[in-house]
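Q: So for the sequence shown, the numbering used here puts the first residue at 358; every next one is plus one. Glycine included, each C-beta is placed from N, C-alpha and C at the ideal position. I'd like to ask some things about the structure below.
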Amino acid sequence: MTIAEGIWQQVFTFDHYGELLALVRNSLVAGVALGLVGGLVGVFVIMRDLPFAVHGISELSFAGASAALLLGVNIVAGSIVGSLIAAGAIGLLGARARDRNSVIGVIMPFGLGLGVLFLALYKGRAANKFGLLTGQIVAVDTPQMSWLLGTSAVVLVALAVIWRPLTFAGADPEVAGARGVPVRGLSFVFMIVLGLAVALSVQIVGALLVLTLVVTPAAAAARITASPVLLPVLSALFAVASIEGGILLALGSSIPISPYVTTISFAIYVVCRRVGAFRARRAGIRVSAQLGMKT
C-alpha cells in the first residue's frame, strides 16, 4: 500500500458504515439544532462585525469545558459557564469596537492558557482532550443531548424575541436609540445569546474551529442575498448542511469531524462568493447597457 492509499483510507473508509451510523443518531439530531442556532446567530455576528468575539468566547468556553472534564462534571455545562463569563465580560467592558477588541485580545490567551492547564492536569483518555479542540461525533450521550437541545431552544426563543429590534439596532443604532430601542441592553443580551451558541458549537466542531458554524454560513449567505428573510434561512441551511455532511463523512474515517465540517462550509462560501460576483457583473453589464440606450 502506498502512502497516498494509506492517507485516502484514513480520510474515506466506509467499512461497516451502516452499523456505525446508529452510533451517531444523537449527534445528527444535535447537528440540526446546532446548525439552526449557529446559522441564525451568525447573521447578527456578520451584521455587527463580531467574528473576533466568537473566537474569544470559544477560548473561554474551551477553558470551562476543560475544567468540567477535570472535575468530572457535565462538559456542556462547563462550556456554557465559560462562554457566558466571556460574553458577559465582552458585553460589559467592550461597548466600543476598539475597547471590545482589546478585551477579547486579553480574554483569548487567558482562556486558552486555562484550558491547556486543566487538560494537562486531566489524567483520563487523550481522546477526550483532543475532542475539546477538534470536535467529536459519537460523544453526544443522552444527558448531553438534553443540555444541547434545551440550550438550543433557549437561544432560538431569545432570538425570536429580540430579532426585530436587534436588526434595527444593527442597521442604524443611532436612529434605533432615538426611537427608544435599548441599543446597549440589546447588545449585552445578544452577547449572552452568542455565548450560548458558541458553547453549543464547541461540543461538535471543537474550540478551534467554531467560526465555521457561527460565521462562515452567514458570510456565504450574505454573498448571494440581502433579503432579511432569505438571509437567515440560507445561513441556517448552510450551517446544517455543513455539520450534517461533516458528521456523515467523518463517520467513515479515522479523522476528526472538524476538517470535514470546515471544508464543506468553506466550499459553500466559495460557491456563494462566485455566484455573488457573477450576479454583480451581470447587474453592472445591464446597468451599462441601459445607460448606453439612454444616451
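Grab me the residues of Ile642's own chain with a C-beta within less than 7 Å of its C-beta, minus the 5 sequence neighbours each way, in chain order.
A: Excluding positions up to five away in sequence, the list is empty.
Q: What is the rounded straight-line gap between the Cα of Ile447 and the Cα of Val586?
A: Straight-line Cα distance between these residues: approximately 29 Å.
Q: Just the C-alpha distance for Asp529 and Leu506, rounded to the nearest angstrom, thanks.
A: Those two C-alpha atoms are separated by around 33 Å.
Q: What does a CB cutoff of less than 6 Å around Ala596 pick up in its chain, not counting 5 residues either side in sequence?
A: Closer than 6 Å at Cβ, skipping near neighbours: Gly392, Gly395, Gly396, Leu570, Pro574.
Q: May I have the straight-line CA-CA distance separating Cys629 from Gly429, to the nearest angstrom?
A: Going by the C-alpha atoms only, they are around 43 Å apart.
Q: For the alpha helix (DSSP H) holding Thr569, just list the boundary residues, first then last.
A: That run of the alpha helix (DSSP H) goes 568-571.
Q: Given a threshold of 16 other Cβ atoms within 10 Å of its Cβ, counted over all protein chains shown, does Phe547 qualify as buried or as exposed?
A: So Phe547 counts as buried.
Q: Rounded to a whole number of angstroms, what is the C-alpha to C-alpha distance between Leu426 and Gly537?
A: So the alpha carbons of these two residues sit roughly 45 Å apart.
Q: On the premise that Pro408 lies in contact with Leu568, defined as a C-beta separation below 8 Å, what is that separation, rounded to the nearest angstrom?
A: Right, the Cβ-Cβ distance comes to about 6 Å (below 8 Å), so this counts as a contact.
Q: Compute the Euclidean distance between the alpha carbons of Gln605 and Ala533, then round it to the nearest angstrom.
A: Sequence check: residue 605 is Leu here, not Gln. Their Cα atoms are separated by approximately 44 Å.
Q: Apart from the five residues on each side of it in sequence, which residues of its chain come closer than 6 Å, Cβ to Cβ, to Gly468?
A: Answer for Gly468: Glu416, Leu417, Ala420, listed in chain order.
Q: Between the Cα of Ala444 and those of Gly470, Leu478, Ile519, Leu551, spot the shortest distance and give me the residue it belongs to.
A: Minimum Cα distance to Ala444 is reached at Leu551.
Q: Which of the three DSSP states, helix, strand or coil, is assigned to Asn431?
A: Reduced to three states, the DSSP call for Asn431 is coil.
Q: What would DSSP say about Pro585, mapped onto helix, strand or coil?
A: Residue state, collapsed to three classes: coil.
Q: Compute the Euclidean distance between the alpha carbons of Ala424 and Gly633, then round it to the nearest angstrom.
A: Cα to Cα, the separation comes out at about 44 Å.
Q: What whole-angstrom Cβ distance do Val682 and Ile414 have, given they're in contact under 8 Å?
A: Summary: the structure shown does not reach residue 682, with the chain confined to residues 358 through 652, and so no result is reported for it.
Q: Got a sec, what are the start and stop residues for the alpha helix (DSSP H) Ser384 sits in?
A: Here the alpha helix (DSSP H) through Ser384 covers 382-404.
Q: How big is the Cα-Cα spacing for Arg541 and Leu471?
A: Spanning the two alpha carbons is a distance of roughly 30 Å.
Q: Which parts of the stretch 512-567 are runs of the alpha helix (DSSP H), unbroken and 4 residues or longer, counting only runs that do not cross its ends?
A: Complete alpha helix (DSSP H) runs here, min 4: 530-535, 540-562.
Q: Using beta-carbon positions only, say whether Val398 and Pro589 come within less than 7 Å of one another.
A: Their beta carbons are not under 7 Å apart, which means Val398 does not touch Pro589 by this criterion.
Q: To the nearest angstrom, report how far apart Thr619 and Leu543 are at their CA atoms.
A: So the two alpha carbons sit approximately 30 Å from each other.
Q: Please determine, among Ala387, Ala564, Arg405, the residue with the shortest C-alpha to C-alpha distance to Ser509.
A: Nearest option by C-alpha distance: Ala387.
Q: Any idea what DSSP makes of Ala604, helix, strand or coil?
A: It should be pointed out that residue 604 corresponds to Ile in this sequence rather than to Ala. If DSSP states are grouped into helix, strand and coil, Ile604 belongs with the helices.
Q: Would Ala578 and Ser592 be called neighbours here (beta carbons separated by less than 7 Å)?
A: Cβ atoms of Ala578 and Ser592: closer than 7 Å.
Q: Thinking just about the alpha-carbon of each residue, which of Leu608, Pro613, Ala477, Val572 is nearest to the one in Arg405?
A: Checked all of Leu608, Pro613, Ala477, Val572; the closest Cα to Arg405 is Val572.
Q: Mapping DSSP to helix, strand and coil, what is Pro616?
A: Here Pro616 sits in helix by DSSP.
Q: What would DSSP say about Ser611, mapped onto helix, strand or coil?
A: Residue state, collapsed to three classes: coil.
Q: Does DSSP classify Gly481 as helix, strand or coil?
A: Coil, per DSSP.
Q: Check whether the Cβ atoms of Ile614 and Ala607 lie closer than 7 Å to each other.
A: Against a cut-off of 7 Å, the Cβ pair of Ala607 and Ile614 comes out as a contact.
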